[in-house]
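Taking it in order: structure first as structure tokens, then the write-up.
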Amino acid sequence: MAFMDDKRIQLAFLDEVSELLDSLNARLLDLENNPDNRDVINEIFRLTHSIKSESAIVGFMNISNIAHKMEDIFEKVRRGSLKVNIDIMNILFSSYDRMVKLIAGVQLGEDESNYDVSDVINKLKEILQDTSKTEVKEDNKYEELIIHKEDGAESILVKKEIVYKLDHDFSNIEKANIEDALEKGDKFYRLIVTFIEKCDMRYPRAFLVYNNLLSCGAVVKTDPDLQSEQEDEKFGEIIIFLLTTLDEQKILKAVDVDQVKKIEIGKIELKALVKKGFELSNIPGYSEALVSSDMILSDEEIKDGELIELEWENQIKEQIKSLKKDENGKSGEKNGTSGKKKQLLEDATIKKQTIRVDTDRLDTLMNLVGELIINHSRFMQIKNNIIDTSSLSDIKSTLEDAANDLERISSLMQSSMMQVRMVPIGYVFSKFPRVVRDLSNMLRKNVKLIIEGETTEIDRAIIELITEPITHIIRNSIDHGVELPDEREKNGKLREGTIILRAYQQGSNIYIEVIDDGKGINTDTLKNTAIQRKLVTPQEAAGLSKQELLNFIFLPGFSTKEEITGLSGRGVGMDVVLTQIEKLRGRVEIDTSVGVYTKMTIILPLTLTIVEALLITSNNSIYAIPVNVVEETIIIKQTDIKDFDEYKVYNLRDETIAILFLSDLVEFQKTGEAKEESDEVFVVVVSYERRKIGIVVDDLIGNQDIVIKALDESFKNLEGIAGATVLGDGQIAIILDTSTLVRSKKKELSKAAEKLMRMDDVNFGELYDQLNPEEDKKEPKEKKKVSK
Amino acid sequence: MIKEAAVNQGEEFQLILFELGNSLYGIPIEKVSEINRIDQITTLPKAPKFVEGVINLRGNVVPLIDLRKRFGMKQVERTKKNKIIVVIVEKRLFGIIVDTVLEVVSIAKENIEPTLPTTTGLKAEFLNSIGKIHESLVIILDIESIIQSKEEIKIEE
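What follows is the structure in structure tokens.
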């Protein structure tokens, strides 16, 4: 049982920490853009601190250690003794990445402690060590205080500061003393006294400092405690909390003891005490302390900020120069870090579990809603039967009321259930600023990412599957779209390129657009590549529309980029994007203008669980075809279907479409019942790879919202079968994925047929006419148009 | 060689007995969710041959496996005696069509033997054990591996 509890705590932690990590990523990006923003620095400090402590609680020591080191770094950044530069940012980002991977590993059931994080920790340590070197420089900030000494003048470094945050805790008695003293008007100081390294007899000297201070006021506490610790080694540095009415100069004199190297004297702000739980309401200035901001910038800090900014700019410039060198060095670096411990997956990501509802329960509820809808249809059917046959008007009206109620409830349940499944697309979008940052750095491009519509909601089943396609499109935009800064300038564009990532809802679809103001896609290049690869003949190519040419991008292995970069351009890409999006029953559209922009639009259904489908019958079974692929349904004469080679074609308003029989596509064993040979057949015209195909079915039933039920895992790989649904009368209808169905059939078809499907309409029309010289072209009767 | 799953904590455990061809088979009762008569079956295109189709079990789409086809036995015309045993395999439901469902029997642990039946040709991996009830032998099936295996199973009748 204890184990179970641990698991549950861990799960809660994963939720919590992945939110913290998201914020951390966003703030790190902010910091890179505004390296001197105190709010951002404070926020990062707070986040790293939370991640450190939360992960320590559940025992994820690797994550905790990384966060701890990051916290240390930001503690220094906060105090102004460390400035972030691009090197440090890169290390911070890679530390962040490592934490993400560790979390992803934990989600997959891996033991977090099995992984080696020493490489990241060491890098973070290096930053901290580097700063201790620069801390010598920092010492310049200490005023040199020369105090009269009997044995000649010796300098002591003094730093004056204001303390906003206390690391020490106080006992209740100490608290009461401090509160009393403050009420009387005493000031509260923290003194940090450091002895020189070679200092001997540190304890007596510390005690001397303590004694001297007793004459100035009341010493509340020392760290280390002079009463309990007496060993010299512990007193390299002593922290003293002092209540006094004297001014700082006098305090410093009291502390001036032989072999003291430096003194930090800090007046403790009320704010710091409030945080420690002091009861200070009687003290003047208390209310201001409560509302005052956490960080008040001293003049010194503001000056520092300006310095940081300057240095920052210089470092970026240098960084860009040395980028190429870095890239070469990377492979070696990788070998160096491969430790004995496990390496994490390269592309591990944290799965979003933002809805804090047990997903099993959610699915059960969803199934229940599905059942309710089915039950409702059955109910309605009973109602209709009774109304038709019975004269009992009472029963009729009651039943009608009940049925109406049920309809209302079920539709409400359906929509509220849908709500639960919807999550803002921002969860996916938030990872792209980082992608754009890393990639544009690597490619030496200047790219600004604008995100719009991150509150647009989308089914959580979809959200997990669209990250990859969007990443791919954005990569393409940066790699192939946006030009190098110099090139852009030459073309009269801003040096900085812009990518807009936008989501919005229209009707029952979600639109996700990726627009870059780069060089666009040259359709002539596409045409030439297509001809070179013998995908089309030059004659055919001449007749292709812009859209048809652009669609070549979606063919596997089709790439016009001569130089293969590490990221994109290998030709594996857009076809994968399209396949993935089609799996989600969506589509991808391209729009471009050479030299101006490229716009990729992903169009997705709002949900994957309920879909509007056209129900048809074939071989005495009912099948459902999602309406998003249905162009129209028509009734045509058997005789209008012509043979072309071994294939059937039909001329639909001067467009030749291939005709396939559903019974062939799904490969029934024939039931034996001879079909009535009617002279008219029903044809469902579906879109297939942006062309149309007619599928002959036995009968059309109509459109209906259906609840998609996945088939058992063992049937996941049945090509062209998208699932099943239960109809109102309890019958099961198989949901067809016509594109896959046709594609799998096509494998069996000869190349000639493939050619036919791609063949240009006009050419084919001529061919058709040659084959059917005396055929009079009749307009087909249209039974019903299915809205697209 | 008796697999853990087949043994209840007590000294005996219960079996659903059914007939297929001329042999008597048993499935441990805890693997069985319910027994139904054969109603409307929807064919599942492109599925393996032994998959009879899918059925609607209170709104759930459940795959149906014809055990005669699964075991490569000859097909006989279905009658009212044919039943669907709905089994639970790793929380998933499957229906299996059998000739007749007979009864639920308790069988003592000592009446179960791990001996391989050379007569049926059923491979060891699909076989849990052999039980003896009133002088007749019951082949206790490991229904999970029968459903999950892609291997062809052939039983000589």
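So the sequence lines, in the order shown, correspond to chains C and D. Counting in the numbering used here, the first sequence runs from 391 upward without gaps. Counting in the numbering used here, the second sequence runs from 274 upward without gaps. Idealized CB from N, CA, C, for every residue including glycine. This structure is a prediction, so every number in the text was calculated from the model and none was measured.
* Asked: Is it buried or exposed for Leu1004 (chain C), if we count other Cβ within 10 angstroms and need 16 for buried?
  -> buried
* Asked: chain C partners of Arg365 (chain D), CB-CB under 7 angstroms?
  -> Asp1102
* **Contact set between the stretch 323-341 of chain D and chain C, restricted to residues whose Cβ is under 9 angstroms from the partner** => Correct list: Val324, Gly326, Val327, Ile328, Asn329, Arg331, Gly332, Asn333, Val334, Val335, Pro336.
* Asked: Would the beta-carbon of Ile1096 (chain C) fall within 9 angstroms of that of Ala1123 (chain C)?
  -> Annotated as proximal: Ile1096 (chain C) and Ala1123 (chain C), with beta-carbon spacing under 9 angstroms.
* To do: Report yes or no: is there a C-beta of chain D within less than 9 angstroms of the C-beta of Ala494 (chain C)?
  => With its beta carbon at least 9 angstroms from every one in chain D, Ala494 (chain C) lies outside the interface.
* Asked: If you pair each beta-carbon of the stretch 821-828 of chain C with each one of the stretch 871-888 of chain C, do three or more pairs fall below 8 angstroms?
  -> no
* Beta carbon proximity, Ser1011 (chain C) to chain D, threshold 9 angstroms -> Judged by the 9 angstroms Cβ criterion, Ser1011 (chain C) is in contact with chain D.
* To do: Please list, in chain order, all residues of the same chain as Leu968 (chain C) whose beta carbon is under 7 angstroms from its beta carbon, the five residues on each side excluded.
  => Phe944, Val978
* Going by DSSP, name the residue or residues bridged to Ile328 (chain D). => D:Val335
* DSSP three-state call for Gly908 (chain C): helix, strand or coil? -> coil
* For the stretch 318-327 of chain D and the stretch 1098-1117 of chain C, state whether three or more C-beta atom pairs, one from each stretch, are separated by less than 8 angstroms. => As far as the Cβ criterion goes, the stretch 318-327 of chain D touches the stretch 1098-1117 of chain C, which means the pair count is three or higher.
* To the nearest angstrom, how far is it from the Cα of Thr997 (chain C) to the Cα of Gly976 (chain C)? -> 11 angstroms
* Asked: Hey, which unbroken runs of the alpha helix (DSSP H) at 4 residues or more fall wholly within the stretch 870-920 of chain C?
  -> 875-880
* Asked: In terms of residue numbering, what span does the beta strand (DSSP E) encompassing Ser296 (chain D) cover?
  -> 296-301
* Length of the line joining the Cα atoms of Ile848 (chain C) and Asn295 (chain D) -> Straight-line Cα distance between these residues: approximately 56 angstroms.
* **C-alpha distance - Pro594 (chain C) paired with Asn831 (chain C), whole-angstrom precision** => 56 angstroms
* Asked: If Leu581 (chain C) and Val645 (chain C) are in contact, beta carbons under 8 angstroms, what's the gap, nearest whole angstrom?
  -> 6 angstroms
* Asked: Between the C-alpha atoms of Val1001 (chain C) and Ile852 (chain C), what's the straight-line distance to the nearest angstrom?
  -> 14 angstroms
* Length of the line joining the Cα atoms of Ile900 (chain C) and Leu994 (chain C) -> 5 angstroms
* **Contact residues within the stretch 995-1010 of chain C, judged by C-beta distance below 7 angstroms to chain D** => none
* Asked: If we call anything under 9 angstroms between Cβ atoms a contact, is Glu659 (chain C) one with Val553 (chain C)?
  -> Taking a C-beta distance under 9 angstroms as the contact criterion, Glu659 (chain C) and Val553 (chain C) qualify as a contact pair.
* Please list the residues of the stretch 1116-1130 of chain C that have a C-beta atom closer than 8 angstroms to any C-beta atom in chain D, keeping them in chain order. => Val1116, Gly1120, Gln1121, Ile1122, Ala1123, Ile1124
* Asked: What span of residues does the beta strand (DSSP E) with Thr997 (chain C) cover, start to end?
  -> Premise fails: Thr997 (chain C) is in no beta strand (DSSP E) and is neither H nor E.
* Given that Ala1014 (chain C) touches chain D, what residues does it touch there, using C-beta distances under 8 angstroms? -> Below the 8 angstroms Cβ cutoff, chain D contributes no neighbours of Ala1014 (chain C), its closest Cβ being approximately 12 angstroms away.
* To do: For Ala320 (chain D), go through chain C and note every residue whose CB falls closer than 7 angstroms to its CB, in chain order.
  => Phe1105, Leu1108
* To do: List the residues of chain C that Gln313 (chain D) touches, going by C-beta distances under 7 angstroms, in chain order.
  => Gln1121
* Listed by chain order, chain D residues near Ile1085 (chain C) by CB distance under 9 angstroms -> Within chain D, no residue has its CB atom less than 9 angstroms from the CB of Ile1085 (chain C), the nearest being about 14 angstroms off.
* Quick one: is Ser1008 (chain C) buried, meaning 16 or more other Cβ sit within 10 Å of its Cβ, or exposed? -> buried
* Between the stretch 865-887 of chain C and chain D, which residues of the former have a C-beta closer than 9 angstroms to a C-beta of the latter? -> none
* CA-CA distance, Ile357 (chain D) and Glu844 (chain C)? -> 50 angstroms
* Sufficient close CB pairs (3 or more, under 8 angstroms) joining the stretch 1015-1025 of chain C to the stretch 864-877 of chain C -> no
* To do: State the DSSP-derived secondary structure class of Val548 (chain C), mapped to helix, strand or coil.
  => Collapsing the DSSP output to three states places Val548 (chain C) in a strand.
* Shorter than 9 angstroms from the beta carbon of Val1114 (chain C) to some beta carbon of chain D? -> The amino acid at residue 1114 (chain C) is misidentified as Val; the sequence shows Ala. So yes, Ala1114 (chain C) belongs to the interface.
* Asked: Applying a beta-carbon distance threshold of less than 8 angstroms, which residues of chain D neighbour Gly760 (chain C)?
  -> Gly332
* List the whole-angstrom C-beta distance separating Gln519 (chain C) from Phe585 (chain C), where the pair is believed to meet the contact cut-off of C-beta under 8 angstroms. => At roughly 22 angstroms, the Cβ-Cβ gap does not stay under 8 angstroms, so Gln519 (chain C) and Phe585 (chain C) are not in contact.
* Can you name the start and end residues of the alpha helix (DSSP H) that Ile416 (chain D) belongs to? -> 416-421
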